[in-house]
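Residue numbers (the working numbering): 447 to 814.
Glycine included, C-beta positions come from ideal geometry on N, C-alpha and C.
Data block below; observations after.
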């Protein structure tokens, strides 16, 4: 009977995970309607069943043997998860820890598990654009890329020092690996929405009760909205530490030469991006008083080709301004005739010193 109960639990768990994974592939919100609403209902049931299984049977989450910090969100894309993962990684390095990032490597061109050692130069084709960004910004770190993150944990553990930490990027819903800390990133404004695929939510907002720290991320100009959101979230989830971080434009980098400038050396460029929330990028450009001649918007993680970029120049554009994430995909193109492509470099900072102290105090729980 024990064997039958165990088998039943495993069957229910596997069915929930398969159903959850299948519906989750519909990442782009479809809007309201009978079909999207029905799919959202199926997806919501799968998420609820899956979370109930992990809550009821904690042994389903596997320990890494080292400190593990998860960075994630409840919205589909565009909430600042990767910059926060980098923020945590840099803090861990300052504390003397070896850092290993774990990521699925969404929209890369290979499915095999990849371990990228420190100071390796990665491409988006092999590891994904966001992991490539992480490794370039923190070259002394490790990367473990693959859908089965625990397999990479076991592989990397034999090579990592004992004083090391695993940082899981985009992993709030990835409960197969046990985390010591869960950090969730939210955009400014209301968090009310429907579940995928009719809306943008990966799970209901009550899922934030699992978070140890909640980061509200937006531009300096959105400070009032961010603070209002902080107070509301802190009231709803009193056990979590809630902090505000600001996206601060640092300057512009030339894609071809790496030259850095504080001001954009282009007049009326075309704004090009393939990110989850393009309106955020356009908003920042306008706040910087950058006059753009046109917008060229693609889906998140878009794979550019030479024809797309060269056609922009054929229309008489003075140049292109894009995001750092898009820059990692554009670098793989041979754009001999398109030298004037610059990307906006954005720093992430705390709105006030007290917020940084609270945030670091959470990390210090596991990084002694």
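Of the residues the options, the one placed nearest residue i, counting alpha carbons only
| i | options | result |
| --- | --- | --- |
| residue 666 | 603, 627, 630, 733 | 733 |
| residue 811 | 636, 538, 615 | 538 |
| residue 540 | 584, 738, 716 | 584 |
| residue 713 | 703, 698, 722, 737 | 737 |
| residue 553 | 778, 747, 781 | 747 |
| residue 574 | 536, 509, 548 | 548 |
| residue 577 | 620, 528, 624 | 528 |
| residue 517 | 511, 502, 619 | 619 |
| residue 725 | 743, 515, 480 | 743 |
| residue 486 | 664, 799, 640 | 640 |
| residue 550 | 530, 643, 617 | 617 |
| residue 558 | 688, 586, 531, 591 | 591 |
| residue 531 | 654, 659, 482 | 659 |
| residue 478 | 675, 644, 685, 754 | 644 |
| residue 579 | 512, 671, 615, 515 | 615 |
| residue 523 | 674, 775, 773, 642 | 642 |
| residue 775 | 509, 571, 556 | 571 |
| residue 685 | 508, 671, 652 | 652 |
Coarse secondary structure for residue i, derived from DSSP in three states
| i | result |
| --- | --- |
| residue 498 | helix |
| residue 753 | helix |
| residue 774 | helix |
| residue 470 | In this predicted model, residue 470 has a pLDDT of only 45, less than 50, meaning its place in the structure is not dependable; the value taken from the coordinates is given anyway. Helix. |
| residue 686 | coil |
| residue 615 | strand |
| residue 799 | helix |
| residue 769 | strand |
| residue 653 | helix |
| residue 488 | helix |
| residue 812 | coil |
| residue 493 | helix |
| residue 585 | coil |
| residue 606 | coil |
| residue 481 | helix |
| residue 630 | strand |
| residue 791 | strand |
| residue 578 | helix |
| residue 804 | helix |
| residue 644 | coil |
| residue 567 | coil |
| residue 764 | coil |
CB contact flag (residue i, residue j, <8 Å)
| i | j | result |
| --- | --- | --- |
| residue 657 | residue 613 | no |
| residue 694 | residue 792 | yes |
| residue 789 | residue 701 | yes |
| residue 752 | residue 720 | no |
| residue 562 | residue 589 | yes |
| residue 521 | residue 646 | yes |
| residue 731 | residue 740 | no |
| residue 669 | residue 498 | no |
| residue 794 | residue 519 | no |
| residue 654 | residue 698 | no |
| residue 809 | residue 679 | no |
| residue 710 | residue 787 | no |
| residue 758 | residue 781 | no |
Exposed unless 16 or more other CB atoms sit within 10 angstroms - verdict on residue i
| i | result |
| --- | --- |
| residue 649 | buried |
| residue 677 | exposed |
| residue 814 | exposed |
| residue 803 | exposed |
| residue 635 | exposed |
| residue 545 | buried |
| residue 565 | exposed |
| residue 604 | exposed |
| residue 727 | buried |
| residue 771 | buried |
| residue 534 | buried |
| residue 471 | Because the pLDDT of residue 471 is 44, which lies under 50, any placement of that residue in the model is unreliable, and the number read from its coordinates should be weighed accordingly. With fewer than 16 other Cβ atoms within 10 Å, it is exposed. |
| residue 633 | buried |
| residue 706 | exposed |
| residue 505 | exposed |
| residue 638 | exposed |
| residue 568 | buried |
| residue 805 | buried |
Residue i Cβ short of 7 Å to the ligand HEM heavy atom set
| i | result |
| --- | --- |
| residue 483 | Judged by which ligands are present, the structure shown has none, so any question about the ligand HEM falls away. |
Neighbour flag for residue i against chain C, beta carbons, 8 Å
| i | result |
| --- | --- |
| residue 724 | Chain labels in this structure do not include chain C; a single protein chain is all it has. |
What beta strand (DSSP E) runs, 3 residues minimum, are completely inside the segment 697–747?
-> 716–719, 740–743
Along the chain, which unbroken stretches of the beta strand (DSSP E) at least 3 residues long are found entirely within the segment 503–551?
-> 514–518, 544–549
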